[in-house]
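Written below as structure tokens is the structure these notes are about.
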Amino acid sequence: MTDGLRSIPSVDQLLSDSFIAELIPQYGRSLVVKAVRSSLQHIRQASIEGTLVGGSIKEIRSSVENWLISQIQVSIQPVINASGVIIHTNLGRAPLSEEAIQAILSIAGDYSNLEYDLAKGKRGKRADAIEQKLIALTGAEDAFVVNNNASAVLLVLAALARRKRVVISRTQLIEIGGGFRIPEVLQQSGAKLYEIGSTNRVHLQDYADALQNVNAVILRAHHSNFKIIGFTKEPSLKELVELAAKEDHLVIDDLGSGAILDTSMFNVAHEPTVQESIQAGADVVCFSGDKLFGGPQAGMIVGKREVIKKIKKHPFARAVRADKLCLAALEATISHYLKDEALQKIPIWRMLSMPVECCEQRVVDWKKVLKCGEMVDGLSTIGGGSMPQETLPTKLFALSVSRVNVFMKALRSLKVPIVARVIQDQIVFDPRTVLPAQERVFLTEMETLIKKFDIR
Ligand SMILES: *Cc1c(COP(=O)(O)O)cnc(C)c1O
-2 MTDGLRSIPS VDQLLSDSFI AELIPQYGRS LVVKAVRSSL QHIRQASIEG
48 TLVGGSIKEI RSSVENWLIS QIQVSIQPVI NASGVIIHTN LGRAPLSEEA
98 IQAILSIAGD YSNLEYDLAK GKRGKRADAI EQKLIALTGA EDAFVVNNNA
148 SAVLLVLAAL ARRKRVVISR TQLIEIGGGF RIPEVLQQSG AKLYEIGSTN
198 RVHLQDYADA LQNVNAVILR AHHSNFKIIG FTKEPSLKEL VELAAKEDHL
248 VIDDLGSGAI LDTSMFNVAH EPTVQESIQA GADVVCFSGD KLFGGPQAGM
298 IVGKREVIKK IKKHPFARAV RADKLCLAAL EATISHYLKD EALQKIPIWR
348 MLSMPVECCE QRVVDWKKVL KCGEMVDGLS TIGGGSMPQE TLPTKLFALS
398 VSRVNVFMKA LRSLKVPIVA RVIQDQIVFD PRTVLPAQER VFLTEMETLI
448 KKFDIR
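Take -2 as the starting number for the sequence shown in the working numbering and just add one per residue.
So, in structure tokens, the structure goes:
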């Protein structure tokens, strides 16, 4: 043992240290013991590696306290999204509607009829009613809800394409981010990837050639987060369905975003809708719950009765099923569409449909309250790997600050952190994505910071 190791105090010694002993009533003895052990472990390791700096009782005390604070602290907290990115992947994608939140609250602390048929008094089918609503909404024959769209794609391929040839165009061998790559998912599902076409073009004939004399599946993956422009070609879903029908091949459409409403009414590109894919005759359509659908994280699988039945029976189905809180929020979100109130009730659609005049009025109000800053023209984006390059005109509240990075960091360190953008040395705040319920907190926090930084 080196001298360094010998001089390290024991767990018992530290627990009787007056400072550390005083932490016990607040955090409980067993957690403090864990903190002390963790701190000593670090010191020993550093001592052995010869990288130990400090290690004094004062440093041990603060390392023990910091460890305890980090364990108790709530790590997921609300933030204010002033970035103008509507579906911000790093900020939790879609915020839920008031009704979806209430739906979660109403069942979270109680027992529920999740898998219980109240009329018959016996076991019922999980999510049966929600699937019926998805059917009504999308026009599909049947539906199934899983944990997210990545698992939806995995499950669908495992259930329908195992050991089969999955024909996919090279224009669609996408990576979504977070390691989700279509070729790799295909491999994990046990399907055999069969690439056709070139990076920019694929023809119906390429599909016809690939389908000949084999039992194959066509997979179409939506270009969610990138655009191919210029000399490009892809057959329509309808053409693929007609081709596949000749020899009973299945067509799977991974839509990604899963828009239900027509985005083109806001002067942005038309994002393919779920209803269009069902109408075109796809056997299975998968999409996310928390992108343009505007609900909780979920993966929706809708399509033909026989095909969905097969998917529900696959062993993976149980492994990737949606939880009850998700289902509750999802049901409320679906209801907004069914009741034709999505634009008013679903936060992301409210943001998408917010007229620029409304953004302008809010910036005028902010300027009045904060007594500084200026209004500049800007662009909000859809985000969340949806609709790349599509923007909505907005008005921004802009601050000229001498220490931009310091101010940005101060914004992120607030009790309710604010995420803003920097454009040409100005810090800009987009009212489009600041939720109305958070506006008061936003202004109070901003007022404090502006005073602290002495901005005029
Ligand atoms: C986003 C996306 C996925 C993954 O969906 P998650 O809900 O994030 O799991 C899969 N495919 C496409 C085309 C997507 O856009």
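Glycine included, C-beta positions come from ideal geometry on N, C-alpha and C.
When the Cα atoms are used, T330 and E46 turn out to be separated by approximately 55 Å. Contact between G292 and A91 holds, since their C-beta atoms are separated by about 6 Å, short of 8 Å. A140 sits away from M348, with the two beta carbons spaced by 8 Å or more. Excluding sequence positions up to five before and after S94, its CB lies within less than 7 Å of the CB of A329, T330, H333, K342, I343 and P344, all in the same chain and listed in chain order.
Taking a C-beta distance under 8 Å as the contact criterion, A213 and I193 do not qualify as a contact pair.
The Cβ atoms of V163 and A188 sit closer than 8 Å to each other. Here the alpha carbons of S186 and A156 stand approximately 8 Å from one another.
Sorting I104, A100 and G286 by C-alpha distance to the C-alpha of N145 places G286 at the top. Under the DSSP assignment, S35 falls in the alpha helix (DSSP H) whose first and last residues are R26 to E46. Beta-bridge partners assigned by DSSP to D139: G300.
In the DSSP annotation of this structure, C369 is not part of any beta strand (DSSP E), being labelled neither H nor E.
Excluding its 5 nearest sequence neighbours in each direction, N78 has C-beta neighbours in its own chain below 6 Å: H85, L88, V416 and T430, listed in chain order.
Below 8 Å, enough C-beta pairs join the segment 272 to 290 and the segment 302 to 314 to call them touching: three or more. By the criterion of a C-beta distance shorter than 6 Å, T388 is surrounded in its chain by L376 and T378, once the five residues flanking it on both sides are discounted. Put simply, of W64, L234 and P22 the residue whose alpha carbon is nearest the alpha carbon of L37 is W64. For F394, the enclosing beta strand (DSSP E) starts and ends at S383 to S397. One alpha carbon belongs to H311, the other to L154, and they sit about 11 Å apart. Short note on G382: C-beta closer than 7 Å to some heavy atom of ligand 1.
According to the DSSP secondary-structure assignment, C283 is paired through a beta bridge with D251 and I298. In the three-state scheme derived from DSSP, where H, G and I count as helix and E and B as strand, E112 is classed as coil. Residue environment: E442 is assigned as buried (16 or more neighbouring CB atoms within 10 Å of its CB, all protein chains considered). The shortest CA-to-CA distance from E239 to any of I215, L20 and T260 is the one to I215.
Ranked by how close their Cα comes to the Cα of K448, the residues V398, R409, V413 and P414 have V398 in first place. In the assembly as shown, I171 is a buried residue. Its beta-carbon has 16 or more other beta-carbons within 10 Å.
Residue burial is scored here from C-beta neighbours: E231 has at least 16 other C-beta atoms within 10 angstroms and is therefore classed as buried. Contact between V413 and P22 fails: their C-beta atoms lie close to 30 Å from each other, not under 8 Å. At a threshold of 7 Å, N87 does not count as near ligand 1, since its beta carbon sits no closer than that to any of the ligand's heavy atoms. Inclusion of E128 and G300 in the CB contact set at 8 Å is not warranted, their separation being larger than that value. Shortest gap from the CB of A147 to any heavy atom of ligand 1: under 7 Å. Put simply, of D9, S109 and Q209 the residue whose alpha carbon is nearest the alpha carbon of A242 is Q209. With a cutoff of 7 Å, K288 counts as near ligand 1, since its C-beta is closer than that to a heavy atom of the ligand. Here E172 carries a strand assignment [DSSP, helix/strand/coil].
Your pair L247 and V366 does not check out as a contact, with CB atoms roughly 57 Å apart and the cut at 8 Å. Comparing alpha carbon positions, the residue from E268, K368, Q421 and W363 closest to F290 is E268.
In the displayed model, N146 falls within a helix according to three-state DSSP.
In the structure shown, N210 adopts coil according to DSSP, grouped into three states.
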